[in-house]
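Residue numbers (this note's numbering): 1221 to 1993.
All residues carry an ideal CB built from backbone N, CA and C; glycine is no exception.
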DNA sequence: CGTAATGAAATTTTT
DNA sequence: TTTCATTACG
């Protein structure tokens, strides 16, 4: 980055050298914000402020780590508390747990856990009366918590049908968590915020302890976070907030843009510093971004400028289909990489929704381009990992009912719904946790002896796992997977997915081992659980790998890449259809695109397709309204694949595809013509011999793919034979050892260069045959 | 009690 | 298209 070599500008120096009193740093994209913040911390230390009096709060672990390492470099040996809001609050809550009705060993529920807890509550209430999906109720409660609204007040203000149901559920949900000695993500903030508000003594002592508070990404703070930052900055009002209203993209998660817009009202004597010079992007990219964001009303105007070159024009390209789009982008990347002009890691491809990654992924795979996807289902969210962790959670916090219900019959041990219901009833009657109820299984009259024995066995197993005091986490996990039968049940399975699950558990063991090495002190189990529940997938991004990066626009915040592609610039996607009716939400979509655009250092390429397959259906698209807001003079607009010839071909092609598709559907619904693969192959010639395919030279999917979707792949599964060399996107090259299973469930066992052989369901797997030369 | 089968729904997701 | 959750069956 250029900025590191620059001297501080006047504005930067002003922010860095500010010591006492509130400070707002309005930092445009690429303006060297992190540098300013870290230098300011170093400056404070230089001015004699004790490291223990400084706390810097970020939103992501990645941001916290980044700052940590840069502060370490500037001020070696000083231990400034740099952490995410949530981790900071978790730590404080361990200290003050009793003040909010918790014990120090409380469990932190992630989104999935809290949804389970909520469902338990809904089950107890007459759930049929509420036809709202749990997600919506959960979102309503979460919003309330973020706004610091407690159940009583929420009930008073409930108006709509949804909120009145949420009002009914909220207090019970809250009680359920307290009973389980657990908190959800929102609670971490809420408990600390209410603690600061209702316990003046504690607030004062914390305010005194953290005299210099820095908050990063202030535009994304919600009311709870605001209250925490405020509560720590009354006696020592040295709050330094950094942020950019134009990069606020989490409004839907409760962020209050007014926090930053009204900072100066909150702190009338605040000093405001604007960092408007951009060191990241070319002049043209910055101009495009500025022109776009100028259409927003809810903002503080900034005058973004740069001394960088004007660079190449920003490209806006229309393609005939999403497939053309993906192939053209990938082909361009391949050309740049093979010519040595760029490395794969220079490229990033952003999209609005995860579902859009598929087309790009398959194109990247076809071209053999290595990529990393920063996406949804991250490691610690996987079922098998959550299962194993639930055992640890229950060991650490025996009152954790969510963990109990998760593992009582995982792996299956013959404890069914009715048994669990009986346990719940007993637990409710005597007001004890489920695990305690399970210990008394023999005394529960409604429970058949057979069931009671099984429950007793489960409890005995759990006790055996937790026998030793404070063992290494790795040891504990090993005992869990052995004694619970989890490992055996996966080993016995023949499904490829389960083999993968085993591998994931191995990975968890590795993570535990590393954790143990770094945390020899007691209490490591709790620390490990806290760690795992507070990490996220964006943390997984590895900047060092030489791979193309794929991610959503949201995940892109805070990163930068030499070449950025933003795909699917279509109405309904950017802006997303669900944000079209609310002006505020529309502005947030614009900010989201602004964030994406400003990630680009030297090249920016926007694209869209006139036809896109989405959710199994191919549809005509409408260009994004934001396209009309971009300054054409800075750009190169082209429509390579919508030239007349291609149009005609594409139209003909799609007509054909539609016919195929309808035929397939009819056969399916009629139920009389099944998709016998052999039959199908006879009617639809395989790829190579399709005339259409050769004329499009790999640009389009084959008619078979397009027409029949999964049927196209069904035909493929017969291509796999013993001894064949295949390519897997992650494991690389491997050899097919055996092919087994009937026509519809063909499996291949593949030996890769490392590790045990893996099994794959051939019908829908990522294996690609490698053509022999 | 466990599995197979059917059907409705489908943003973004710092923690 | 895919994913999930609930339901129906063995």
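What three-state label does DSSP hand residue 1871 in the structure shown?
Translated into positions along the first chain, residue 1871 becomes position 651. Reliability fails at residue 1871, whose pLDDT of 42 lies under 50, so the model's placement of it is uncertain and the value that follows must be treated cautiously. Three-state DSSP puts residue 1871 in a helix.
Go ahead and label residue 1454 buried or exposed: buried means 16 or more other beta carbons lie within 10 angstroms of its beta carbon, across all protein chains shown.
Along the first chain, read from residue 1 onward, the residue named residue 1454 stands at position 234. Residue 1454 is exposed by the Cβ-count criterion.
Looking at the structure shown, is residue 2011 part of a helix, part of a strand, or coil, going by DSSP?
Residue numbering for the chain in the displayed model covers 1221 to 1993; residue 2011 lies beyond these limits and cannot be assessed.
Terminal residues of the alpha helix (DSSP H) in which residue 1281 lies
Taking the first residue of the first chain as 1, we reach residue 1281 at position 61. 1281 to 1294 is the extent of the alpha helix (DSSP H) around residue 1281.
Go to residue 1393, then tell me how far its beta strand (DSSP E) extends in each direction, as first and last residue.
Taking the first residue of the first chain as 1, we reach residue 1393 at position 173. Annotation for residue 1393: no beta strand (DSSP E) segment contains it, though the alpha helix (DSSP H) segment containing it runs 1381 to 1399.
Would you call the region 1241 to 1254 and the region 1496 to 1505 in contact, with 3 or more CB pairs under 8 angstroms?
These segments touch.
Apart from the five residues just before and just after residue 1678, which ones in its own chain have a Cβ nearer than 8 angstroms to its Cβ?
Here residue 1678 refers to the residue found at position 458 of the first chain. So the qualifying residues of the chain are 1628, 1633, 1635, 1658.
Let me confirm a value: residue 1778 is counted as buried when at least 16 other C-beta atoms fall within 10 Å, else exposed. Which label applies?
Against the first chain, residue 1778 aligns to sequence position 558. Label assigned to residue 1778: buried.
Just how far apart, CA to CA, sit residue 1925 and residue 1790?
In the first chain, residue 1925 corresponds to position 705, counting from 1. In the first chain, residue 1790 corresponds to position 570, counting from 1. Summary for residue 1925: the model assigns pLDDT 29, below 50, so the residue's position carries little reliability; its value from the coordinates is reported in the next sentence. The straight-line gap from Cα to Cα measures roughly 24 angstroms.
For residue 1564, which option in 1738, 1539, 1420, 1590 has the closest C-alpha, if you only look at C-alpha atoms?
Reading the first chain from its first residue, position 344 is the one you call residue 1564. Of the candidates 1738, 1539, 1420, 1590, 1590 places its Cα closest to the Cα of residue 1564.
Considering only DSSP beta bridges, list what residue 1276 is partnered with.
Taking the first residue of the first chain as 1, we reach residue 1276 at position 56. Note: residue 1276 sits in a beta bridge opposite 1302, 1434.
Taking all protein chains shown into account, do 16 or more other C-beta atoms lie within 10 angstroms of the C-beta of residue 1245, making it buried, or fewer, making it exposed?
If you number the first chain from 1, residue 1245 lands on position 25. Flag for residue 1245 reads buried.
With burial defined as no fewer than 16 other Cβ atoms inside 10 Å of the residue's Cβ, what is the status of residue 1823: buried or exposed?
The count along the first chain starts at 1 and reaches residue 1823 at position 603. Counting Cβ neighbours within 10 Å, residue 1823 comes out buried, since at least 16 surround it.
In terms of DSSP beta bridges, what is residue 1556 paired with?
In the first chain, residue 1556 corresponds to position 336, counting from 1. When DSSP reads this structure, residue 1556 sits in no beta bridge, so it has no partner.
Which two residues bound the contiguous beta strand (DSSP E) that contains residue 1199?
Nothing about residue 1199 can be reported from this structure: the residues present for the chain run from 1221 to 1993 only.
State the start and end residues of the unbroken alpha helix (DSSP H) segment that holds residue 1639.
As a position in the first chain, residue 1639 is number 419, starting the count at 1. Membership of residue 1639 in the alpha helix (DSSP H) is indicated by the continuous run 1637 to 1650.
When you compare each of 1553, 1373, 1345 to residue 1782 by their alpha carbons, which one comes out closest?
In the first chain, the residue the question calls residue 1782 occupies position 562. Sorting 1553, 1373, 1345 by C-alpha distance to the C-alpha of residue 1782 places 1553 at the top.
Beta carbon of residue 1434, beta carbon of residue 1277: below 9 angstroms?
Working through the first chain from its first residue, we reach residue 1434 at position 214. Working through the first chain from its first residue, we reach residue 1277 at position 57. Yes, Cβ-Cβ distance for residue 1434 and residue 1277 is below 9 angstroms.
Out of 1573, 1749, 1522, which has the shortest C-alpha to C-alpha gap to residue 1798?
The residue given as residue 1798 occupies position 578 in the first chain. It is 1573.
Touching or not, the region 1528 to 1541 and the region 1819 to 1836, by the rule of three or more beta carbon pairs under 8 angstroms?
Yes, they touch.
At what residue ranges does the region 1437 to 1480 contain a whole run of the beta strand (DSSP E), taking only runs of 3 or more?
Fully enclosed beta strand (DSSP E) runs of 3 or longer: 1458 to 1463.
Is the beta carbon of residue 1479 sitting closer than 9 angstroms to the one on residue 1367?
Here the question's residue 1479 lines up with position 259 in the first chain. Here the question's residue 1367 lines up with position 147 in the first chain. No, the Cβ-Cβ distance between residue 1479 and residue 1367 is not below 9 angstroms.
Whole-angstrom distance between residue 1592 and residue 1767, CA atom to CA atom:
Position 547 of the first chain, counted from the start, is the residue given in the question as residue 1767. Position 372 of the first chain, counted from the start, is the residue given in the question as residue 1592. Going from the Cα of residue 1767 to the Cα of residue 1592 covers about 6 angstroms.
Whole-angstrom Cβ separation of residue 1610 and residue 1626, contact assumed at under 8 angstroms?
Here residue 1610 refers to the residue found at position 390 when the first chain is read from its first residue. Here residue 1626 refers to the residue found at position 406 when the first chain is read from its first residue. That belief holds up - the Cβ atoms of residue 1610 and residue 1626 are roughly 4 angstroms apart, short of 8 angstroms.
Would you kindly report the start and end of the unbroken alpha helix (DSSP H) that includes residue 1374?
The residue you call residue 1374 lines up with position 154 of the first chain. That run of the alpha helix (DSSP H) goes 1371 to 1377.
Let me check understanding here. Comparing Cα to Cα, which of 1557, 1317, 1803 lies closest to residue 1471?
Indexing the first chain from 1 puts residue 1471 at position 251. The shortest C-alpha separation from residue 1471 is found at 1803.
Quick one: Cα of residue 1345 to Cα of residue 1234, how far?
For the purposes of this step, residue 1345 is taken as residue 125 along the first chain, with counting starting at 1. For the purposes of this step, residue 1234 is taken as residue 14 along the first chain, with counting starting at 1. Between residue 1345 and residue 1234, the C-alpha separation is close to 58 angstroms.
Whole angstroms is fine: what's the gap from residue 1586's alpha carbon to residue 1580's?
Along the first chain, one-based indexing puts residue 1586 at 366. Along the first chain, one-based indexing puts residue 1580 at 360. Spanning the two alpha carbons is a distance of roughly 10 angstroms.
Euclidean distance between Cα positions of residue 1857 and residue 1283:
Locating residue 1857 in the first chain gives position 637, where the first residue counts as 1. Locating residue 1283 in the first chain gives position 63, where the first residue counts as 1. Straight-line Cα distance between these residues: approximately 36 angstroms.
Along the beta strand (DSSP E) that carries residue 1539, what are the first and last residues, could you check?
Taking the first residue of the first chain as position 1, residue 1539 is located at position 319. In this chain, the beta strand (DSSP E) harbouring residue 1539 covers 1534 to 1541.
If we ignore side chains and look at the alpha-carbon of each, how far apart do residue 1796 and residue 1291 end up?
Position 576 of the first chain, counted from the start, is the residue given in the question as residue 1796. Position 71 of the first chain, counted from the start, is the residue given in the question as residue 1291. Separation of residue 1796 and residue 1291 (C-alpha to C-alpha, rounded to the nearest whole angstrom) is 39 angstroms.
Our contact map puts residue 1620 next to residue 1400 with C-beta atoms below 8 angstroms; I'd like the distance itself, whole angstroms only.
Residue 1620 sits at position 400 when you count from the first residue of the first chain. Residue 1400 sits at position 180 when you count from the first residue of the first chain. In this structure residue 1620 touches residue 1400 by the C-beta definition: roughly 5 angstroms separates them, less than 8 angstroms.
Cβ neighbours of residue 1706 in the same chain (closer than 6 angstroms, five flanking residues each side left out)
The residue you call residue 1706 lines up with position 486 of the first chain. These residues qualify, in order along the chain: 1631.
Do residue 1567 and residue 1330 have their CB atoms nearer than 9 angstroms?
The count along the first chain starts at 1 and reaches residue 1567 at position 347. The count along the first chain starts at 1 and reaches residue 1330 at position 110. Not in contact: residue 1567 and residue 1330 (Cβ atoms no closer than 9 angstroms).
State the CB to CB distance for the pair residue 1339 and residue 1354, rounded to an integer number of angstroms; the pair is presumed to be in contact (CB under 8 angstroms).
Your numbering for residue 1339 matches position 119 in the first chain. Your numbering for residue 1354 matches position 134 in the first chain. About 5 angstroms separates the two Cβ atoms, so the contact holds.
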